[in-house]
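Asker:
Numbering (our numbering), first residue to last: 16 to 257.
1) Please determine, among 26, 76 and 220, the residue with the shortest C-alpha to C-alpha distance to residue 40.
2) Go ahead and pull the three-state DSSP assignment for residue 217.
3) Going by beta-carbon coordinates alone, are residue 144 and residue 217 separated by less than 9 Å?
4) Any chance you could list the beta strand (DSSP E) runs of at least 3 consecutive residues sitting entirely within the stretch 153–211, in chain order?
5) Going by DSSP in three states, residue 94 sits in which element: helix, strand or coil?
6) Suppose you measure from the CA of residue 100 to the CA of residue 49; what does that come to, to the nearest Å?
7) Can you give the Cα-Cα distance for residue 136 and residue 173, rounded to whole angstroms?
8) Run through DSSP, which three-state label would residue 30 get?
9) On the three-state DSSP scale, how would you describe residue 150?
10) Out of 200, 176, 195 and 194, which has the shortest C-alpha to C-alpha gap to residue 186?
11) In or out: residue 71 buried (at least 16 other Cβ within 10 Å) or exposed?
12) If you drop the 5 nearest sequence neighbours on each side, which residues of the same chain put their C-beta closer than 6 Å to that of residue 142?
13) Closer than 6 Å by C-beta to residue 205: which residues in its own chain qualify, once you throw out the five before and the five after it? Chain order, please.
14) For residue 144, list the residues DSSP reports as bridge partners.
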């Protein structure tokens, strides 16, 4: 089972070398066939040059330009059209996600045959390091609302770091989000459309380099639109998914 790791990158020249090197080494050590698919999202720093150098060092690294227009969600959507593996993980370029967790995701999917593997930073065994307090409060409130509305046993939907089978990626189409709200649209559509999933603990570490692109001012409108669309499908759609 080949794993594709989709990593959107905008102005990540400082952080992405460590991310790619560590992720590649973890996957090689675990004997996991893979590609590291970086979607270059119109950076204005040296990210493109850094990636070109890294391609000489990491044989499984592919770099594609985001052809859908600038934006985190657009970059991931483009990656989901470009990946060649049997499953696709979404990882951040800033080393906030632990490659050891990625290996655990893959092994869980391989062992259980589930369509998706979701991490939970807030269950027993999960950890967060240096999480900004306001962002943490909004995260916990938002995920509690999502959990209640969709009657889910899972409460970390908004974290991007998840693994999807190709079947799940195809079933969740079309994806519409252009920004960080895609991180909620993907798991909700997978769940609403009948994909099976496993939940495992994972960790999250705040970035050490660069600046976060997450914009709290846009959260309520963008995430609200996703919740509304998925609620309509969950409770009112007559379309059945095989």
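Here a beta-carbon is modelled for each residue, glycine too, at the ideal position from N, C-alpha and C.
Answerer: This is what the structure holds:
1) Within the chain shown, numbered from 1, the residue matching residue 40 stands at position 25. The option with the nearest alpha carbon to residue 40 is 76.
2) Taking the first residue of the chain shown as position 1, residue 217 is located at position 202. Looking at residue 217 - three-state DSSP - the assignment turns out to be coil, as it is neither helix nor strand.
3) As a position in the chain shown, residue 144 is number 129, starting the count at 1. As a position in the chain shown, residue 217 is number 202, starting the count at 1. Cβ atoms of residue 144 and residue 217: not closer than 9 Å.
4) 177–180
5) To locate residue 94, count along the chain shown from 1; it is residue 79. Helix at residue 94.
6) Within the chain shown, the letter at position 85 stands for residue 100. Within the chain shown, the letter at position 34 stands for residue 49. Approximately 7 Å, taken between the alpha carbons.
7) Residue numbering aside, residue 136 sits at position 121 when the chain shown is read from its first letter. Residue numbering aside, residue 173 sits at position 158 when the chain shown is read from its first letter. So the two alpha carbons sit approximately 11 Å from each other.
8) Taking the first residue of the chain shown as 1, we reach residue 30 at position 15. In this structure, residue 30 counts as coil in the three-state DSSP scheme.
9) Position 135 of the chain shown, counted from the first residue, corresponds to residue 150. Residue state, collapsed to three classes: helix.
10) Locating residue 186 in the chain shown gives position 171, counting from the first residue. Closest by alpha carbon: 200.
11) Counted from its first residue, the chain shown places residue 71 at position 56. With fewer than 16 Cβ atoms within 10 Å of its Cβ, residue 71 is classed as exposed.
12) Taking the first residue of the chain shown as 1, we reach residue 142 at position 127. So the list reads 218, once near-sequence residues are dropped.
13) Here the question's residue 205 lines up with position 190 in the chain shown. Closer than 6 Å at the Cβ level, and outside the excluded window around residue 205, lie 131, 183 and 187.
14) For the purposes of this step, residue 144 is taken as residue 129 along the chain shown, with counting starting at 1. Answer by DSSP bridge pairing, in chain order: 220.
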